[in-house]
Each structure stands twice: as C-alpha cells, then as structure tokens.
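Take a look at the structure below.
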Amino acid sequence: MALFNFFGISEHRVFNRKPIYYDAEKERRRQRAAELKEEKEEKHAPGSNIRGSLRGGAYKKTRTPMKTVQTIIGIITLLLIAAILFLILKLYPYLFVK
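Structure representation (structure tokens):
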C-alpha cells in the first residue's frame, strides 16, 4: 500500500524461449548413426580386460630396498621413544625435588 514508488512501475518479464519440437527424421538419423558405430566397433567380451591384468600384480610382491630402509628407521624411532619414556619415568621423582 505504498503511495509513492521510487523506482517506477516494474515491467513484466520477457523470456526468449524457443520451443523444442520432436523431429522424427533427425531421431531416425541419430539412431542409425549409433547402430553403424556399434557395428564398426568390436564386440566386447566380458572379462577380456581382467584376464591379462591380474597376472601383473604377482610380480610386485618383491621387497624394494627403500621399503627395508623405512622399516629399519621406524623400528629405531620406536626404540628411541621407548627409551626416552623409560628414562623420564625412572627420573620423574628427581625432576621435582626442591
């Protein structure tokens, strides 16, 4: 119920929408192109991609020298952490003596 509109009267919205109609000829050409493409390609045999790829995984079970080095570094780190914790717990009463 405003008596005064600062921006004036708003105009109705106009959309430039072009309706899409079904074109039977175009649909028939598209289906025929899909059929020709399917005939051109080879027939897919289920499992053909899997058959050769599974064999490659068996050769990757060998340990690399880098993996061995990482294991040794991990063990040494755990031993150092255990030794530090042991010394802290052993010397704990002497740390807070006045």
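Numbering-wise (the working numbering), the sequence shown opens with residue -11 and increments by one. Just so you know, even glycine gets a beta-carbon here, dropped at the ideal spot from N, CA and C.
K14, DSSP secondary structure in three states: helix
Coarse secondary structure for R20, derived from DSSP in three states: Note: R20 maps to helix in three-state DSSP.
E29 versus N4 - alpha carbon distance: 42 angstroms
Whole-angstrom distance between T52 and I92, CA atom to CA atom: The requested residue 92 is not part of the displayed model; the chain covers only -11 to 86.
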